[in-house]
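Each remark here refers to the structure printed beneath this line.
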Amino acid sequence: MRAATETRQRATLRQELTYCFGPFRLVPRRQLLLLDGRPVKLGGRAFELLQVLVQRCGELVSKNELMAAAWPGTFLHDSNLKVNMWSLRRSLGDTQIEPVYIATVARRGYKFIAEVQISIGEIEDDLALAEPLPLSNPPLPRGIVGREAEVVEIAGLLADNRHVTLAGAGGIGKTTVGVAVAQAFAPRCRDGVCFVDLATISDPTLFGAALVTALGIRGNPDNSLAAALDYLRPRQMLLILDNCEHVLPAATIFAGRFMADTSPSRLLATSREPLGTATEHVVRLGSLASPKSGYALTVDQAVRFPAVQLFVRRAAEWSDYQFVDRDCEAIAWICHSLGGLPLAIELAAAQIGRFNPRELVAILDHNLGFRAPAADGTPPRQETLMATIDWSFRLLSQREARLFGLLSVFSDAFEVEDAVFVAEATGLTPVDVVTGLGSLVAKSLLSAQAQGSSLRYRLLDSTRRYAAERRRADPACGQALTRHAQRVLALFEQSEEEWNWREPADWTQRYLGRIADLRAALSWAFGEEGDPVLGIKLTVAAITLWSETSILSEAQARLEDALALAETVACDDLLKAKLACALGWSLFYARKMSNENEVAWLDAIAFARSAGNIEYQQRALVGFAFYLLQIGQVPRAITYLEEATELADRDRDLTATSEADRALAWACAFAGELSKSRAVLDRLAATYSLAKGRSRKDANEVYRFITVRFNLPFVAWMQGQADYAARLARDAVEAADRSGHWVSQSNALGLAALPVALETGNLDALASFTERLRRNLERERISRWVPVERYFSACLRDLRGDRRAVEDMRAAIEELIECRFLMRIGSYLAVLARAYLRQGRIAEAREAITRAIGHQERQGERWCRPELLRVDAAVLLHAGEPLRAEKRLQQALAEARAIGAATFELRIATDLAAHWIGTGRKVKAVRLLAPIYEGFAEGFETPDLAAASHLLRCAPPTASGCGHYRQPKPVHARDA
């Protein structure tokens with residue numbers, strides 16, 4: 004949540020035992036590490052490790068002691084300690100060759116070497132971590148070796164070139180260099196860095212989905228590439244497309260469009276081959292420099308070569324290796340034989356500990372066929388890499404080799420439980436998996452990173468491709484993809500259950516991080532060799548993630564596929580109902596309300612009835628009613644909502660009951676039953692409060708607090724409570740802002756805040772809210788709100804004197820009609836008619852108000868009829884037909900009184916009174932207007948009441964009044 008937007012109360016300070024070193028403060032009782040007063044997030048078991056080391060500052064702490072402190076009573080591979088220690092050093096910024104805080108004591112343990120001061124310090128309660136950025140950030144850089152000059156050069160190239168591609172063989176270090184360049188270039192990026200890991204997708208058609216997900220764009224963009232370009236256009240960002248080679252056509256198309264656009268952002272791509280755009284600046288990464296064979300070198304001379312430095316550093320990290328003169332020739336030979344290829348060097352270095360350098364030379368010579376090749380005889384880099392991976396694979400035990408192949412089913416990072424589940428079918432035990440993962444990490448065939456209290460593992464792109472080949476060649480792994488899909492299904496079924504209690508931000512981070520494997524599992528399940536029933540279940544289980552994160556376009560495509568398949572296989576009707584409901588909601592936010600939406604909702608109702616499930620019957624009825632309201636079928640919507648509320652009498656625990664009540668109240672308001680609507684909306688508004696906790700229950704409470712304020716403000720405004728309406732609308736907008744739910748905020752803006760600001764004449768609020776909606780549409784591309792934002796922006800410009808804005812108002816209205824977003828369209832057309840009148844364009848005003856009345860009558864939106872008749876009267880008056888105008892105003896007044904719309908009654912009475920005053924009927928005018936005006940208790944700063952007040956002051960109920968009047972035009976502020 005956006006705590007920065009709230010005014011913080013004075014913090015409570017508590018006395019705490021504190022260990023201070025450098026800019027850090029460690030507070031053991033609170034399990035807190037502060038950097039310059041701000042909390043530092045520590046991954047895995049890093050806090051326990053740091054606490055032991057700091058408390059025994061200057062002492063050697065053995066590996067066994069550290070393992071016992073961080074994982075008491077647990078069997079783990081030694082690699083867990085090394086990965087968590089690396090995570091801790093990274094959190095402390097202690098990744099340089101010469102450590103500042105934590106020193107490794109070879110083969111024994113670790114020592115905290117910085118000076119530590121112990122004191123009692125004052126620490127704030129409720130310190131919060133900084134908000135995570137919505138962008139997909141680059142992986143944290145591992146110590147880079149031998150590329151420092153290239154990193155500086157490439158960062159400089161990005162300053163002058165909008166698109167730079169790092170091209171080179173697999174394993175050459177493109178991602179590592181790209182991440183380092185991003186770190187160096189980040190200070191020039193006002194809006195941050197976004198990392199798109201294309202290695203997580205195998206289907207090029209998912210390029211757009213991966214791109215918008217990484218950028219944090221939610222909603223239902225009709226075109227993902229266009230949405231990304233729209234998002235980037237006003238921003239100064241660095242976008243990294245990593246591993247483009249297997250989705251090259253899609254990446255090339257995007258890069259071409261990016262370069263044709265005007266964005267100040269920069270694009271950095273990594274690929275085995277250039278993207279091939281006309282303006283691409285290609286940097287080809289070469290091998291790390293290594294010494295030629297046959298030269299006698301000392302340690303100091305050898306480590307000047309980056310390839311040797313990398314080998315030695317990695318060997319030291321995993322095997323506590325110490326470089327000595329007698330190993331110089333062997334290591335130089337290894338690095339040169341491997342062509343200076345970083346990944347191949349790391350794989351070789353990982354074998355130190357099992358083999359000494361000279362033994363490694365013999366093994367490489369025997370297995371890879373390298374015999375001190377000359378410079379021009381070095382094997383091609385990609386062959387070198389694959390040969391090295393193959394050699395490393397052949398050194399694995401049978402169980403390790405099988406596990407390595409199985410892990411290729413994971414598209415992104417995974418946890419040990421995931422690997423255990425997939426491996427179970429091949430006979431590998433949990434102990435086999437745990438020890439195998441540790442061994443693969445130690446051999447650099449697998450990477451590991453601490454996250455939360457556990458480790459997450461991942462195969463690099465090159466090793467994953469090799470592992471997949473081995474998996475396909477192993478008959479024992481025949482069920483691996485099925486097991487992977489089953490595991491993903493279990494995870495997302497678990498996510499549905501956890502949604503009810505896990506903190507929303509934590510839930511989203513946990514399960515959005517598994518979307519790459521969800522995509523892979525769905526692609527397999529719906530493929531030729533897949534399992535369609537499993538795919539349908541997966542789709543249903545993923546609905547909560549797609550809904551919670553507003554990834555609507557991707558959801559729509561998957562839901563349509565699943566529903567089509569559900570008609571061809573044996574499938575439970577309740578599953579079909581869930582799919583159809585979810586499809587209905589995803590289509591609800593599409594650019595155009597198509598007949599597909601109605602079909603989806605009617606199918607959902609039918610499936611739920613067939614399944615005998617009352618909850619989904621109610622959900623489908625409510626969803627369909629919302630659709631009907633959007634397309635302007637109010638009476639039909641009320642019919643379905645009455646059925647939905649009747650279901651609540653059979654089961655009061657139905658989750659959609661409050662939504663049914665709210666929707667019915669809203670529909671009744673559109674039908675002109677304001678008092679009936681207000682009673683329900685007031686009850687709902689009093690029921691839900693702004694819960695301050697972070698639980699799902701609190702989040703749901705806040706959501707309902709916001710949603711009832713979509714509808715109540717406009718009803719309150721019509722009933723004469725302008726200030727209260729404005730306050731309710733602003734409360735909804737701010738609550739949605741704090742919760743970070745941009746779809747809800749867009750709804751609050753479009754349904755409440757913007758209409759109320761326009762109708763109450765608050766141009767500052769109108770400007771602020773249109774800007775907010777514009778920003779939201781960059782984050783959550785909900786197409787239905789795009790023309791609405793354009794309409795209100797044009798209204799603002801019109802009211803500020805831009806005569807051209809009326810054309811934009813009309814264009815936005817036409818787009819809304821074309822997209823079938825007909826709710827309130829009569830009101831929009833009436834505002835357009837008033838704008839035409841201000842410019843003296845009477846014929847166009849007449850055409851607009853005639854269309855408005857037609858829509859109102861067809862749609863059953865009685866709520867706006869008084870206002871439409873008032874505007875029609877204004878057109879008649881401007882056209883020189885005062886008698887017809889007066890009759891129309893009297894009709895409008897009667898209609899306003901019939902529905903209880905006090906604000907419309909005041910407007911109409913003001914216009915009618917102005918007309919009577921102009922025709923010598925001042926006393927009658929004051930008798931009409933004065934009691935209506937006196938009935939208001941708020942809103943006196945609005946143009947409506949200001950106009951009425953002005954008229955009453957100038958027309959006292961005496962003969963001495965204000966003198967003689969000519970027939971004036973209506974003095975209503977919007978028509979003045």
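Residue numbers (my numbering): 4 to 979. Cβ coordinates follow ideal geometry from the N, Cα and C atoms, glycine included.
1. Could you tell me if residue 120 is buried or exposed, where buried requires 16 or more neighbouring beta carbons within 10 angstroms of its beta carbon?
2. For residue 953, which option in 681, 916 and 593 has the closest C-alpha, if you only look at C-alpha atoms?
3. Would residue 577 pass as a contact of residue 540 if the rule is Cβ separation under 9 Å?
4. Could you give the distance in angstroms between the alpha-carbon of residue 737 and the alpha-carbon of residue 703?
5. Where residue 201 and residue 340 are concerned, what is the direct C-alpha to C-alpha distance, given to the nearest angstrom?
6. Beta-carbon separation of residue 867 and residue 829 under 9 Å?
7. Residue 757 and residue 769 look like a contact to me (Cβ under 8 Å); what is the Cβ gap, rounded to whole Å?
8. If you count every other CB in all the chains shown that lies within 10 Å of the CB of residue 69, and 16 or more means buried, which is it?
9. Quick one, which of 267, 204, 244 and 249 has its alpha-carbon nearest residue 163's?
10. Would you say the region 504-511 touches the region 400-413, given that touching needs at least three Cβ pairs under 8 Å?
11. Decide yes or no for the touch test of the region 493-510 against the region 462-476: beta carbon pairs closer than 8 Å, at least 3 of them.
12. Output the boundary residues of the beta strand (DSSP E) element that contains residue 243.
13. Drop a sphere of 10 angstroms on the beta-carbon of residue 282, count the other beta-carbons inside from all chains shown, and report buried for 16 or more, exposed for fewer.
14. Determine the burial state of residue 606: buried for a count of at least 16 other Cβ atoms within 10 Å of its Cβ, exposed for fewer.
15. At the level of alpha carbons, what is the spacing between residue 1005 and residue 675?
16. As an exercise, report each continuous beta strand (DSSP E) stretch of at least 3 residues that is fully enclosed by the region 402-480, in chain order.
17. Enumerate in chain order the residues of its own chain whose CB-to-CB distance from residue 285 is below 6 Å, with the five nearest sequence positions on each side excluded.
18. Given residue 772, which residues of its chain have a CB within under 8 Å of its CB, disregarding the five upstream and five downstream residues?
19. Which whole runs of the alpha helix (DSSP H) in the region 143-180 are 4 residues long or more, in chain order?
20. Pick helix, strand or coil for residue 107, following the three-state DSSP scheme.
21. Report all residues from its chain with a CB closer than 7 Å to the CB of residue 838; omit the five preceding and five following residues, and keep chain order.
22. Could you work out which residue in 741, 723 and 338 is closest to residue 935 when comparing CA atoms only?
23. Between residue 788 and the rest of its own chain, which residues show a CB-CB distance below 7 Å, the 5 nearest in sequence each way excluded?
24. Would you call the region 708-723 and the region 674-688 in contact, with 3 or more CB pairs under 8 Å?
25. Checking contacts by CB at 9 Å: is residue 182 closer than that to chain C?
26. Which of the three DSSP states is assigned to residue 126 in this structure?
27. Taking just the CA atoms, how far does residue 888 sit from residue 880?
28. Given residue 726, which residues of its chain have a CB within under 7 Å of its CB, disregarding the five upstream and five downstream residues?
29. Would you check if there are 3 or more beta carbon pairs closer than 8 Å linking the region 523-532 to the region 547-560?
30. Who are the near neighbours of residue 253 in its chain, counting only those whose CB is closer than 7 Å to its CB and skipping five residues on each side?
31. Measure from the alpha carbon of residue 544 to the alpha carbon of each residue in 945, 111 and 501, then state which is nearest.
32. In the DSSP assignment, the alpha helix (DSSP H) including residue 648 goes from what residue to what residue?
33. Residues in the same chain with beta-carbon distance under 7 Å from residue 634, minus the five sequence neighbours each way, listed in chain order, please.
34. Are the Cβ atoms of residue 24 and residue 104 separated by less than 9 Å?
35. Using the Cα positions of residue 83 and residue 441, report the straight-line distance between them to the nearest angstrom.
36. Can you pull the DSSP bridge partners for residue 24?
Let me spell this out:
1. Translated into the one-based positions of the sequence shown, residue 120 becomes position 117. Exposed is the label assigned to residue 120, since fewer than 16 other Cβ atoms lie within 10 Å of its Cβ.
2. As a first step, residue 953 must be located in the sequence shown, where it is residue number 950. The shortest CA-to-CA distance from residue 953 to any of 681, 916 and 593 is the one to 916.
3. By one-based count along the sequence shown, residue 577 stands at place 574. By one-based count along the sequence shown, residue 540 stands at place 537. Between residue 577 and residue 540, the CB-CB gap reaches or exceeds 9 Å.
4. Numbered from its first residue, the sequence shown carries residue 737 at position 734. Numbered from its first residue, the sequence shown carries residue 703 at position 700. One alpha carbon belongs to residue 737, the other to residue 703, and they sit about 16 Å apart.
5. Within the sequence shown, the letter at position 198 stands for residue 201. Within the sequence shown, the letter at position 337 stands for residue 340. Taken atom to atom, the span from the alpha-carbon of residue 201 to that of residue 340 is near 31 Å.
6. By 1-based counting over the sequence shown, the position of residue 867 is 864. By 1-based counting over the sequence shown, the position of residue 829 is 826. Yes, these two residues count as a Cβ contact at 9 Å.
7. Reading the sequence shown from its first residue, position 754 is the one you call residue 757. Reading the sequence shown from its first residue, position 766 is the one you call residue 769. Contact between residue 757 and residue 769 holds: their C-beta atoms lie close to 7 Å from each other, under 8 Å.
8. On the sequence shown, position 66 is the one that residue 69 refers to. Buried is the call here.
9. Locating residue 163 in the sequence shown gives position 160, where the first residue counts as 1. It is 267.
10. No, because fewer than three Cβ pairs between the region 504-511 and the region 400-413 fall closer than 8 Å, the two stretches do not touch.
11. Judged by Cβ distances under 8 Å, the region 493-510 makes no contact with the region 462-476, as fewer than three pairs qualify.
12. Your numbering for residue 243 matches position 240 in the sequence shown. 241-245 is the span of the beta strand (DSSP E), which, as asked, contains residue 243.
13. Counting from one through the sequence shown, the residue named residue 282 turns up at place 279. Residue 282 counts as exposed, since fewer than 16 other C-beta atoms from the protein chains shown sit within 10 angstroms of its C-beta.
14. Against the sequence shown, residue 606 aligns to sequence position 603. Of the other Cβ atoms in all chains shown, 16 or more fall within 10 Å of the Cβ of residue 606; this residue is therefore buried.
15. This structure cannot settle anything about residue 1005, because the visible part of the chain is limited to 4 through 979.
16. Those beta strand (DSSP E) runs which fall completely within the region 402-480 and span 3+ residues are 450-454 and 457-461.
17. Residue 285 sits at position 282 when you count from the first residue of the sequence shown. For residue 285, where only same-chain residues beyond five positions count, the Cβ hits under 6 Å are 168, 170 and 277.
18. For the purposes of this step, residue 772 is identified with residue 769 of the sequence shown, where counting begins at 1. Within the same chain, Cβ atoms closer than 8 Å to the Cβ of residue 772 are found at 736, 752, 756, 757, 760 and 795, the five residues on either side in sequence being excluded.
19. Taking only runs of at least 4 residues, the alpha helix (DSSP H) segments lying wholly in the region 143-180 are 151-163.
20. Mapped onto the sequence shown, residue 107 falls at position 104. Here residue 107 sits in strand by DSSP.
21. Counted from its first residue, the sequence shown places residue 838 at position 835. Excluding residues up to 5 positions away in sequence, 801, 809 and 812 lie with their Cβ nearer than 7 Å to the Cβ of residue 838 in the same chain.
22. Position 932 of the sequence shown, counted from the first residue, corresponds to residue 935. Nearest C-alpha to residue 935: 723.
23. Position 785 of the sequence shown, counting from 1, holds the residue named residue 788. For residue 788, the CB contacts under 7 Å within the same chain, skipping 5 residues up- and downstream, are 749, 753, 776 and 780 in chain order.
24. Judged by Cβ distances under 8 Å, the region 708-723 makes contact with the region 674-688, as three or more pairs qualify.
25. The structure shown contains no chain C; it is built from a single protein chain.
26. Along the sequence shown, one-based indexing puts residue 126 at 123. Residue 126 falls in the strand class under three-state DSSP.
27. What you label residue 880 is simply residue 877 of the sequence shown in a count that begins at 1. What you label residue 888 is simply residue 885 of the sequence shown in a count that begins at 1. Roughly 6 Å separates the two Cα atoms.
28. Here residue 726 refers to the residue found at position 723 of the sequence shown. Correct list, in chain order: 941 and 942.
29. At 8 Å Cβ cutoff, the stretches do not touch.
30. As a first step, residue 253 is located in the sequence shown; it is residue number 250 there, counting from the start. Contacts found: 207 and 210.
31. By one-based count along the sequence shown, residue 544 stands at place 541. Closest by alpha carbon: 501.
32. To locate residue 648, count along the sequence shown from 1; it is residue 645. In the DSSP assignment, residue 648 falls within the unbroken alpha helix (DSSP H) covering 637-651.
33. For the purposes of this step, residue 634 is taken as residue 631 along the sequence shown, with counting starting at 1. Hits under 7 Å: 596, 823 and 825.
34. Along the sequence shown, one-based indexing puts residue 24 at 21. Along the sequence shown, one-based indexing puts residue 104 at 101. Yes, the pair counts as a contact, with Cβ atoms nearer than the cut-off.
35. Position 80 of the sequence shown, counting from 1, holds the residue named residue 83. Position 438 of the sequence shown, counting from 1, holds the residue named residue 441. Cα to Cα, the separation comes out at about 7 Å.
36. Stepping through the sequence shown from its first residue, residue 24 is reached at position 21. DSSP output for residue 24 lists 27 as bridge partner(s).
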